[in-house]
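Peer 1: This structure is in structure tokens; I'll ask about it shortly.
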Amino acid sequence: MMTRRDLLKSGGALIVSFAFRQNGIAQGRSPELDSFIAVRSDGSVLLSTSHVDVGTGISTVFRQVAAEELGIPVERFIVVEGDTATTPNHGGTGGSTGVPRGAADIRRAAATAREAIIALAAKQLNRPEPELTIEGGEVRPGGLAVASLIGGKRFALKVNPNVKLKDRAHYTTVGKPILRTDVPLKCTGRQVYLQDFSVPGMLHGRVVRPPSFGARLASLDESSIKGIPDVQIVRKGSFVGVLSKDEWAAIRAARELKAEWSSWEELPGSENFEKALRAGTIEHDQTVINKGDAASALSGASKNLAATYYWPFQSHASLGPSCAVADVKAAGTTVWSSTQNPFGLRSNLAKVFGMPEEKIRVVYMDGSGSYGTNGASDAAADALLLSREVGQPVRVQWMRHDEHGWDPKGPAQLLDVRAALDPDGKIAAWETQMWLPGGPQGERALVGPELAGMAQEHGQGAGLMTANADPPYAIPHVRVVAHNLKTTPLRLSNLRAPGKIGNVFAVESLTDELAAAAGMDALEFRKRGLSDERAHAVLDRAARMIGWQPRPSHSLQIRAGNPYLAFGRGIAYVRYKQAENYVAIAMKVDVDRSTGQIIVRQIACAHDCGLIVNPDGLRNQVEGNIMQTLSRTLHEEVRFDRSKVTTTDWSSYPILRFSEAPSIEVALIDHPDQPSYGAGEAASAPVAAAVANAVFDATGVRLRSVPFSAEAMKKTLRASRDIPVVPRG
Amino acid sequence: MPDYKFRVNGGAVSVNSWDPDQPLLYVLRNSLGLHGPKFGCGLGQCGACTVLVDGKAVRSCITPVKTVTNREVTTVEGLGSPEKPHPIQAAFIAEQAAQCGYCASGMIMSAKALLDSTPHPTPEQVKNSLSGNLCRCGTHTRILSAVLRAARNA
């Protein structure tokens with residue numbers, strides 16, 4: 003049986019037996035079944051999709067739902083992802099849509115295929131269709147192998163959008179922790195990542211970026227690299243690339259090539275950027291919710307709290323820098339990329355490079371992890387630019403400073419939150435105002451083409467930034483307004499759970515402040531404002547997992563033997579995008595009040611995403627969400643001066659290390675009768691708030707600005723009049 | 002171009018390099034087709050390129066090829082295969098200790114060096130010895146469990 007690895011070994015030039023190309027899902031037409039599913043004569047089944055795995059395990063989910071509907075064992079399925087020449091376009095990968103949209107499409111396709119196979123078998127066996135089922139890859143009774151009926155042939159049918167789906171009560175594969183097929187390859191060095199991919203005659207390319215975003219190239223000193231063998235230089239406007247058959251020669255040439263650039267100093271700088279955000283020119287105000295009369299209720303209330311929360315720019319900081327291989331030929335261009343949206347990339351490349359879309363084929367390959375939009379599309383444009391200039395296939399991999407310096411960034415956010423308590427200690431009114439960097443709608447500008455002076459759009463999309471900016475609690479007066487600014491100093495990007503983490507940080511921190519002001523236990527205070535049983539269930543579960551004892555915060559508790567080491571607990575809750583997963587995170591932290599170091603000891607998460615397809619894959623995603631967001635909370639801030647990003651390696655942009663990794667316990671709450679939501683983001687959202695709440699419980703001071711570095715913690719402790727900090731020793 | 006002779010995964014190799022300072026990483030990946038070691042930073046900061054040289058974990062992205070002459074280099078491919086994984090690889094697979102997996106090869110090689118010298122480490126020892134290996138997807142708890150499982154099974 004052919005494996006996915008064999009398919010990739012064929013050089014990415016996968017020829018699928020069906021002739022289908024672009025289908026019409028995006029246009030609302032019913033898609034061709036053959037674009038999703040091909041049963042091969044050896045009994046294996048190709049599943050084709052535009053949703054890509056990026057290490058999330060979503061391709062295993064696709065295999066499971068298709069296996070379930072088709073009655074063919076899950077191990078016979080091979081998933082082909084994101085090839086604009088062969089896979090259907092049913093959406094890009096992002097926003098946790100892989101399960102609710104991607105898998106739902108595949109489920110309907112597989113059910114349509116099942117009906118078609120049963121119809122064929124009924125004819126051949128001369129039995130009525132209702133008597134037949136498919137199990138173990140064969141039609142029963144009769145034992146006719148599915149491959150003998152349709153193997154190597156086309157269905158020539160549309161996917162039936164109203165097809166009867168298998169009764170969930172009879173699921174045997176969905177709900178099981180089916181193992182991923184890529185893990186054995188990834189753990190033995192056999193997985194062919196994009197970064198490992200090559201084509202015959204390929205050159206290695208590296209880019210030479212300017213020392214500031216707006217600098218123009220004045221001159222190049224080609225003699226500066228004359229000692230390096232076989233290097234070609236490509237210059238197009240202020241775009242500079244170097245190429246060689248030898249990768250190390252390209253790297254050294256990029257490093258040593260001397261260039262003169264104009265100076266450019268038009269960034270505001272990241273120091274006090276929150277002030278720049280507040281003072282920024284507003285493009286438009288967006289009222290997210292306006293219920294009752296928050297302004298009057300706030301001004302009339304006896305007990306008012308107000309605070310400002312800040313989330314900085316953050317980088318994808320993918321572990322492997324972005325990479326692409328491009329081969330521009332007269333007959334057509336192929337780009338191999340780890341983009342999460344191959345069809346979107348193709349359409350933008352076509353526009354920017356003035357090529358017809360049908361002359362560009364984008365082929366997805368797994369790369370180093372991305373969590374939205376990293377530099378993958380930019381690397382693709384670099385490779386295409388260079389390949390077009392030299393007429394040979396080109397592989398571009400960014401260096402570390404290219405990735406940290408030039409990848410599009412998760413946006414900064416500034417939030418003013420105000421709330422009032424009524425005499426019973428309930429939240430009477432709430433107002434959130436947020437400031438978001440912004441810009442025009444449209445495609446994100448690509449770095450290489452921008453430097454080369456090519457015409458393109460300058461869109462600044464970053465995802466649903468305002469979701470979860472309104473509290474989930476029953477409050478009579480609520481107003482949330484987003485001030486979307488005209489500009490942004492750094493290109494914006496969708497970075498995992500965009501906006502939601504910062505919003506929940508503000509909302510769930512202020513909620514905690516309100517609970518403390520009301521003299522109430524933080525868990526009880528939240529539950530009182532929530533009527534949904536599923537919300538109560540996750541909160542109770544997470545609290546129980548860390549042995550939560552009801553009491554108000556803050557309560558100073560000191561570890562025996564170290565008077566500086568205070569410990570505490572915190573909790574935070576989200577219903578993701580107010581309509582999807584229920585997540586509660588509770589944690590225990592220590593704070594070293596002499597060094598300012600926050601030590602997260604234990605994290606418990608209760609997670610309800612409806613029907614669970616693969617509990618192990620889900621758990622892996624939830625753990626990853628938590629650990630990555632803990633890193634973003636404790637350590638991460640993109641800093642920039644007037645010209646450029648200055649945090650361009652792992653020492654200036656540190657991420658969480660093993661020594662700081664807490665134990666994480668995840669409780670999955672399954673609701674087989676409920677719709678499945680995606681889990682790629684939701685558990686990220688409450689992490690920062692839970693840390694801040696635990697730090698408050700331990701120390702009595704509140705961190706309102708990310709990252710929670712030891713320095714920031716120390717400064718906040720010193721600024722607090724209530725907490726004397728005695729220097730150690 | 003000078004030739005450099007050393008051993009990789011048990012076999013003798015001879016590779017030439019126009020630059021004696023060319024990092025071992027590119028020689029392994031491009032001259033020898035061993036793609037397990039990954040480029041992550043080129044600065045010795047992230048550990049994605051970790052291989053063993055004479056049993057010690059080194060960052061191949063900052064190890065000049067000239068320094069491994071006559072030495073024994075081991076990459077993740079040399080430990081085992083999908084069909085016959087090494088016990089550490091088997092433990093990573095059993096724990097499903099990967100998301101994107103780009104760091105996995107370096108993690109496994111660092112774990113190999115640790116378990117060779119300390120067959121029964123405490124969780125703290127594992128964490129400390131892997132602290133130079135970065136994981137961006139946040140798979141830390143599973144990687145830790147995998148290394149401890151490998152130690153238990155040894």
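In order, the protein sequences belong to chains G and V. For the first sequence, our numbering assigns the number 3 to the initial residue and increments by one for each residue that follows. For the second sequence, our numbering assigns the number 2 to the initial residue and increments by one for each residue that follows. Here a beta-carbon is modelled for each residue, glycine too, at the ideal position from N, C-alpha and C.
Report yes or no: is there a C-beta of chain V within less than 8 Å of the C-beta of residue 716/G?
Peer 2: Residue numbering aside, residue 716/G sits at position 714 when the first sequence is read from its first letter. No, no contact with chain V.
Peer 1: Put residue 65/V into one of helix, strand or coil per three-state DSSP.
Peer 2: On the second sequence, position 64 is the one that residue 65/V refers to. Correct three-state label for residue 65/V: strand.
Peer 1: Which residues mark the beginning and the end of the alpha helix (DSSP H) in which residue 90/V is found?
Peer 2: Numbered from its first residue, the second sequence carries residue 90/V at position 89. Here the alpha helix (DSSP H) through residue 90/V covers 88 to 95.
Peer 1: Can you list, in chain order, the residues of the segment 636 to 670 of chain G whose Cβ is nearer than 8 Å to any Cβ on chain V?
Peer 2: 651, 652, 653, 657, 658, 659, 660, 661, 663, 665, 666
Peer 1: Using a Cβ-Cβ cut-off of less than 7 Å, list which residues of the segment 6 to 20 of chain V approach chain G; keep chain order.
Peer 2: 19, 20
Peer 1: Fully enclosed by the segment 422 to 507 of chain G, which alpha helix (DSSP H) runs are 4 residues long or longer?
Peer 2: 449 to 453
Peer 1: Shorter than 8 Å from the beta carbon of residue 106/V to some beta carbon of chain G?
Peer 2: Your numbering for residue 106/V matches position 105 in the second sequence. So yes, residue 106/V belongs to the interface.
Peer 1: Taking the alpha helix (DSSP H) that residue 197/G belongs to, which residues open and close that run?
Peer 2: For this step, residue 197/G is matched to residue 195 along the first sequence. That residue, residue 197/G, is in no alpha helix (DSSP H); it is neither H nor E in DSSP.
Peer 1: By alpha-carbon positions, which one of 69/V, 73/V, 40/V ends up nearest to residue 106/V?
Peer 2: One-based indexing of the second sequence puts residue 106/V at position 105. The option with the nearest alpha carbon to residue 106/V is 40/V.
Peer 1: Closer than 8 Å, Cβ to Cβ, to anything on chain V: give me those residues from the segment 320 to 340 of chain G, in chain order.
Peer 2: 320, 321, 322, 323
Peer 1: Which two residues bound the contiguous alpha helix (DSSP H) that contains residue 536/G?
Peer 2: For this step, residue 536/G is matched to residue 534 along the first sequence. Where residue 536/G is concerned, the enclosing alpha helix (DSSP H) stretches over 535 to 547.
Peer 1: Drop a sphere of 10 angstroms on the beta-carbon of residue 498/G, count the other beta-carbons inside from all chains shown, and report buried for 16 or more, exposed for fewer.
Peer 2: For the purposes of this step, residue 498/G is taken as residue 496 along the first sequence, with counting starting at 1. Per the 10 Å Cβ criterion, buried.
Peer 1: How about residue 107/G: is its C-beta nearer than 8 Å to some C-beta of chain V?
Peer 2: One-based indexing of the first sequence puts residue 107/G at position 105. Residue-level contact by beta carbon fails for residue 107/G and chain V, as no gap is shorter than 8 Å.
Peer 1: Against chain G, does residue 49/V count as a neighbour if the rule is that its beta carbon must be under 8 Å from one of theirs?
Peer 2: Within the second sequence, numbered from 1, the residue matching residue 49/V stands at position 48. True, the Cβ-Cβ gap to chain G drops below 8 Å.
Peer 1: Are the beta-carbon atoms of residue 453/G and residue 239/G separated by less than 8 Å?
Peer 2: Along the first sequence, one-based indexing puts residue 453/G at 451. Along the first sequence, one-based indexing puts residue 239/G at 237. Yes, these two residues count as a Cβ contact at 8 Å.
Peer 1: Would you say residue 130/G reaches chain V, if we count a Cβ-Cβ gap shorter than 8 Å as a contact?
Peer 2: By one-based count along the first sequence, residue 130/G stands at place 128. It does not; no Cβ of chain V falls within 8 Å.
Peer 1: Residue range of the beta strand (DSSP E) that residue 57/V falls in?
Peer 2: For this step, residue 57/V is matched to residue 56 along the second sequence. Residue 57/V -> beta strand (DSSP E) spans 57 to 60.
Peer 1: For residue 315/G, name the three-state secondary structure that DSSP assigns.
Peer 2: The residue given as residue 315/G occupies position 313 in the first sequence. DSSP places residue 315/G in coil when its eight states are reduced to three.
Peer 1: Looking at residue 345/G: is its Cβ nearer than 8 Å to the Cβ of residue 32/G?
Peer 2: Counting from 1 along the first sequence, the entry for residue 345/G is found at position 343. Counting from 1 along the first sequence, the entry for residue 32/G is found at position 30. No, the Cβ-Cβ distance between residue 345/G and residue 32/G is not below 8 Å.
Peer 1: My output table needs one value for residue 682/G: the three-state DSSP class, helix, strand or coil.
Peer 2: Stepping through the first sequence from its first residue, residue 682/G is reached at position 680. Residue 682/G falls in the coil class under three-state DSSP.
Peer 1: Following the continuous alpha helix (DSSP H) through residue 623/G, name the residue where it begins and the one where it ends.
Peer 2: Within the first sequence, the letter at position 621 stands for residue 623/G. Residues 617 to 636.
Peer 1: Short of 7 Å Cβ to Cβ, which residues in the segment 81 to 100 of chain V face chain G?
Peer 2: 81, 82, 83, 86, 90, 93, 94, 97, 99, 100
Peer 1: What in chain G is Cβ-close to residue 128/V, meaning under 9 Å?
Peer 2: Taking the second sequence and counting its residues from 1, one reaches residue 128/V at position 127. Here the neighbours are 659, 660, 661, 662, 663.
Peer 1: Between residue 639/G and residue 316/G, how many whole angstroms is the CB-CB distance? I'm expecting something under 8 Å.
Peer 2: Residue mapping note: residue 639/G aligns to position 637 of the first sequence, counting from 1. Residue mapping note: residue 316/G aligns to position 314 of the first sequence, counting from 1. With a Cβ gap of about 7 Å, residue 639/G and residue 316/G count as contacting.
Peer 1: So what's residue 241/G in DSSP terms, helix, strand or just coil?
Peer 2: Walking along the first sequence from the start, residue 241/G turns up at place 239. Of the three classes helix, strand and coil, the one that applies to residue 241/G here is strand, per DSSP.
Peer 1: Anything in chain V within Cβ reach of residue 618/G, meaning under 7 Å, just list it in chain order.
Peer 2: The residue you call residue 618/G lines up with position 616 of the first sequence. Those within 7 Å of residue 618/G in chain V are 97.
Peer 1: Identify the contact partners of residue 399/G in chain V, using a Cβ-Cβ distance below 8 Å as the criterion.
Peer 2: If you number the first sequence from 1, residue 399/G lands on position 397. The contacting residues are 40.
Peer 1: Since residue 604/G is in the beta strand (DSSP E), which residue starts that stretch and which ends it?
Peer 2: Counting from one through the first sequence, the residue named residue 604/G turns up at place 602. Its beta strand (DSSP E) spans residues 600 to 610.
Peer 1: Quick one, which residues of the segment 174 to 198 of chain G are near chain V if we go by CB-CB under 8 Å, in chain order?
Peer 2: Per Cβ criterion, the list reads 181, 182, 184, 185, 186, 187, 188, 189, 190, 191, 192, 193, 194, 195, 197, 198.
Peer 1: Please list the segments of the alpha helix (DSSP H) lying wholly inside the segment 67 to 128 of chain G, counting only runs of 4 or more residues, in order along the chain.
Peer 2: 106 to 127
Peer 1: Where DSSP assigns a beta bridge to residue 411/G, which residues make up the other side?
Peer 2: Counted from its first residue, the first sequence places residue 411/G at position 409. According to DSSP, residue 411/G bridges with 494/G.
Peer 1: Among all the DSSP beta bridges, which residues are the ones paired with residue 330/G?
Peer 2: Taking the first residue of the first sequence as 1, we reach residue 330/G at position 328. DSSP output for residue 330/G lists 335/G as bridge partner(s).
Peer 1: Check each residue of the segment 351 to 378 of chain G: if its Cβ is closer than 9 Å to any Cβ of chain V, include it; give the result in chain order.
Peer 2: 368, 369, 370, 371, 372, 373
Peer 1: Examine the Cβ distances between the segment 330 to 345 of chain G and the segment 367 to 381 of chain G and report whether three or more of them are shorter than 8 Å.
Peer 2: yes
Peer 1: Please check the pair residue 712/G and residue 599/G, which I expect to be a contact at CB under 8 Å, by giving their CB distance rounded to whole angstroms.
Peer 2: As a working note, residue 712/G is residue 710 in the first sequence. As a working note, residue 599/G is residue 597 in the first sequence. Indeed they touch by this definition, with Cβ atoms about 5 Å apart.
Peer 1: Of all the options 97/V, 4/V, 126/V, 101/V, which has the alpha carbon lying nearest to the alpha carbon of residue 111/V?
Peer 2: By 1-based counting over the second sequence, the position of residue 111/V is 110. Here the closest residue by C-alpha is 126/V.
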